[in-house]
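Chains as they are written, first to last, in the numbering used here: chain A, 4 to 377; chain B, 1465 to 1754.
See below:
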């Protein structure tokens, strides 16, 4: 789950990292009032997307009138498909230099990774291409943690002048905030050295591990919920992962891999998948609500039901599908392929209750569904 | 990790509904389940095996080689550390939705303790004709059959389908290694590939991958050095970027983790990349003719 800047920065402040004073507002008048209190400010669009500056979503303002004008221009803007509903009004400091700092979950090393670069304002891949000598990486044994000595070690050889100790301190605090908040990624870019001396986090990106949401009840509500269509939201309420696409062949399968594959083969056979919808794992008893969800998409012209039972029992899933069909009596064609745990019972049930014989292979079922949708 | 019939297996969380159901299936199939663990039910016999308070106690009593965890997400860290401290050779973590920080913690401890971890978020391991660990339909003859092809899969259901397709084409499996659908896992595609490359019972390998991360690209670099043939199917070519496709690890961010990148890396390494899992039999027949 991603957090907008105004929701992410308080995590840094709580860890003892300086952030500019600021206020998150929703109207131009409020922005003007904030500027009156703060002095020279920068006004920043709050959307869960990058490249806000390039899109014109970040503007400096001196005084209330400029702040009002700038905020009015930014509010309502479309940035990366997101309408700007809020702006962050922050005091503007004179900046001497900009750095980059981040901690993230790193699959290759199977542990946390601390990143630092003296090329602030640039994303880390670009910095690594531009001048790799100015980028530092430190893998961390999560059991030992990341202390000042480790921070100083990774910064060695970088010309940080008087700020070296302060940078090491920020990295240690950043790591603590990452650990304490079940972060997938916690990034400060840029981390500014002000003319007055001292380090300030000018921007912050925070992604909370979705599997950590349950044990972070205080911060999780401040995250930006994933943008969902009406049907996707209904799926979420039912505890089902449903992703709407623009095709016309409905897909219902068990397990993430099999469901993606069913979509792939629909496309490979010249059709267009209408959705991702899986009822694998513990959700295998949810076939009935899942099929109801699928059928409420008016774009669906045919449906592939592709079950390959391991943990998920195909007899239980097929029973749920048949119950939904009995109730809804849909007119779209249904094309079944059923293998694995509970297969014999499932196939018998399909024959007895629907008079349907499943296809031997997934490809045959999908081919038939693609043709029916044409 | 390839699990063997002689491996002694401990089931942590044996008394729960799923733990019970799958322990019975494992025992029926021939897996050498020697005990279970549940701190609240220590001392009882369940599914015909003793239940211990901890993995350490199980190790002190009769010993075990591999532990499998039927444990809810927030209990995994403690249970896994118990098994690692006990000196488990292997650990199979089936649980989905474990906080990633906990996973990294367990993997760091396992590395130090010399414990090989498979998962989390895996359906388990099968060695047809010998034993299985987890919740795979090993006992279904149309899907699993002893043979000489190794299968590595991030997905339980899709891996099952590929095994079915192999049997339909007249092949069998030397081992099925379900590595799991999480972004950070104990045994990566490449590590599983190295294991199967070294295994004298394996003639060829099928990689069942999916979008997200860079494990397939990493495995491709190793595949390029192998003499055993490798085929791959990568799920998610028709999936939109930026959305998590059911598995926590299955997400394309920007151009990272894309189908195109994995397809290119594997193809360049000489791996035959399949358009549909149904082609796996043909691909293996072609590869093993030479």
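Every residue, glycine too, gets a C-beta built ideally from N, C-alpha and C.
Alpha carbon of residue i to alpha carbon of residue j, nearest angstrom
{"i": "residue 269/A", "j": "residue 369/A", "result": "6 Å"}
{"i": "residue 1627/B", "j": "residue 132/A", "result": "42 Å"}
{"i": "residue 161/A", "j": "residue 101/A", "result": "14 Å"}
{"i": "residue 372/A", "j": "residue 322/A", "result": "21 Å"}
{"i": "residue 1489/B", "j": "residue 1568/B", "result": "30 Å"}
{"i": "residue 273/A", "j": "residue 1517/B", "result": "56 Å"}
{"i": "residue 254/A", "j": "residue 89/A", "result": "38 Å"}
{"i": "residue 1734/B", "j": "residue 140/A", "result": "32 Å"}
{"i": "residue 206/A", "j": "residue 337/A", "result": "51 Å"}
{"i": "residue 1709/B", "j": "residue 279/A", "result": "8 Å"}
{"i": "residue 262/A", "j": "residue 41/A", "result": "53 Å"}
{"i": "residue 30/A", "j": "residue 10/A", "result": "18 Å"}
{"i": "residue 2/A", "j": "residue 74/A", "result": "Past the boundaries of the shown model lies residue 2/A; chain A is included only from 4 to 377, so the question cannot be answered."}
For residue i, three-class secondary structure by DSSP
{"i": "residue 89/A", "result": "coil"}
{"i": "residue 1725/B", "result": "helix"}
{"i": "residue 1500/B", "result": "strand"}
{"i": "residue 205/A", "result": "coil"}
{"i": "residue 1485/B", "result": "helix"}
{"i": "residue 2/A", "result": "No statement about residue 2/A is possible, as the shown extent of chain A runs from 4 to 377 and does not include it."}
{"i": "residue 1598/B", "result": "strand"}
{"i": "residue 5/A", "result": "strand"}
{"i": "residue 1476/B", "result": "strand"}
{"i": "residue 26/A", "result": "strand"}
{"i": "residue 1511/B", "result": "coil"}
{"i": "residue 1430/B", "result": "Outside the displayed range of chain B (1465 to 1754) lies residue 1430/B, so it cannot be described from this structure."}
{"i": "residue 174/A", "result": "helix"}
{"i": "residue 235/A", "result": "helix"}
{"i": "residue 248/A", "result": "coil"}
{"i": "residue 1703/B", "result": "coil"}
{"i": "residue 162/A", "result": "coil"}
{"i": "residue 347/A", "result": "helix"}
Residue environment, residue i, which counts as buried when at least 16 other CB atoms sit within 10 Å
{"i": "residue 285/A", "result": "exposed"}
{"i": "residue 1664/B", "result": "exposed"}
{"i": "residue 1509/B", "result": "exposed"}
{"i": "residue 219/A", "result": "buried"}
{"i": "residue 1691/B", "result": "exposed"}
{"i": "residue 63/A", "result": "exposed"}
{"i": "residue 1753/B", "result": "exposed"}
{"i": "residue 331/A", "result": "exposed"}
{"i": "residue 1689/B", "result": "exposed"}
{"i": "residue 190/A", "result": "buried"}
{"i": "residue 1499/B", "result": "buried"}
{"i": "residue 212/A", "result": "buried"}
{"i": "residue 281/A", "result": "buried"}
{"i": "residue 1605/B", "result": "exposed"}
{"i": "residue 1572/B", "result": "buried"}
{"i": "residue 426/A", "result": "Here chain A comprises residues numbered 4 to 377, so residue 426/A is not present and cannot be evaluated."}
{"i": "residue 7/A", "result": "buried"}
{"i": "residue 1588/B", "result": "buried"}
Closest by C-alpha distance to residue i, when choosing among the options
{"i": "residue 12/A", "options": "93/A, 267/A and 235/A", "result": "93/A"}
{"i": "residue 1652/B", "options": "1585/B, 1629/B and 1733/B", "result": "1585/B"}
{"i": "residue 1598/B", "options": "1511/B, 1747/B, 1686/B and 1534/B", "result": "1534/B"}
{"i": "residue 264/A", "options": "1493/B, 1475/B, 1672/B and 1596/B", "result": "1672/B"}
{"i": "residue 1600/B", "options": "1633/B, 1629/B, 1558/B and 1565/B", "result": "1558/B"}
{"i": "residue 308/A", "options": "329/A, 342/A, 300/A and 334/A", "result": "342/A"}
{"i": "residue 1781/B", "options": "1577/B, 1513/B and 1563/B", "result": "Lying outside 1465 to 1754, the shown extent of chain B, residue 1781/B is not represented and no answer is given."}
{"i": "residue 79/A", "options": "175/A, 49/A, 5/A and 63/A", "result": "49/A"}
{"i": "residue 1469/B", "options": "1639/B, 1714/B and 1728/B", "result": "1639/B"}
{"i": "residue 208/A", "options": "230/A, 104/A, 275/A and 214/A", "result": "104/A"}
{"i": "residue 277/A", "options": "311/A, 235/A and 4/A", "result": "235/A"}
{"i": "residue 128/A", "options": "1751/B, 1750/B and 1720/B", "result": "1720/B"}
{"i": "residue 98/A", "options": "223/A, 238/A and 23/A", "result": "23/A"}
{"i": "residue 1522/B", "options": "1539/B, 1646/B, 1548/B and 1538/B", "result": "1548/B"}
Heavy atom of the ligand NAD within 7 Å of residue i beta-carbon
{"i": "residue 338/A", "result": "For the ligand NAD, the structure offers nothing, since it holds no ligand at all."}
Is there contact between the segment 1497-1515 of chain B and the segment 1474-1482 of chain B, where contact requires at least three CB pairs shorter than 8 Å? Yes, they touch.
Within the chosen definition, does the segment 254-267 of chain A reach the segment 344-359 of chain A through at least 3 CB pairs nearer than 8 Å? These segments do not touch.
Counting Cβ pairs closer than 8 Å, one from the segment 170-182 of chain A and one from the segment 138-150 of chain A, do we hit at least three? Counting Cβ pairs under 8 Å, three or more are found: they touch.
Three or more beta-carbon pairs under 8 Å between the segment 15-30 of chain A and the segment 53-66 of chain A, yes or no? Flag = no, the segment 15-30 of chain A and the segment 53-66 of chain A do not touch.
At least 3 beta-carbon pairs within less than 8 Å: the segment 57-71 of chain A vs the segment 100-116 of chain A: The segment 57-71 of chain A and the segment 100-116 of chain A do not touch, with fewer than 3 CB-CB distances between them shorter than 8 Å.
Contact between the segment 1700-1719 of chain B and the segment 1669-1676 of chain B is defined here as three or more beta-carbon pairs at a separation below 8 Å; is this criterion met? Yes: at least three Cβ pairs fall under 8 Å.
I'd like to know if the segment 1571-1586 of chain B and the segment 1608-1615 of chain B are in contact, where contact means that at least 3 CB-CB pairs between them fall below 8 Å. Contact between the segment 1571-1586 of chain B and the segment 1608-1615 of chain B is absent, because fewer than three Cβ pairs lie under 8 Å.
At least 3 beta-carbon pairs within less than 8 Å: the segment 275-289 of chain A vs the segment 312-327 of chain A: By the Cβ rule, the segment 275-289 of chain A counts as touching the segment 312-327 of chain A, because three or more pairs are nearer than 8 Å.
Touch test, the segment 1614-1633 of chain B against the segment 1733-1753 of chain B, Cβ-Cβ under 8 Å, three pairs minimum: In short, these stretches touch, since the Cβ pair count reaches three.
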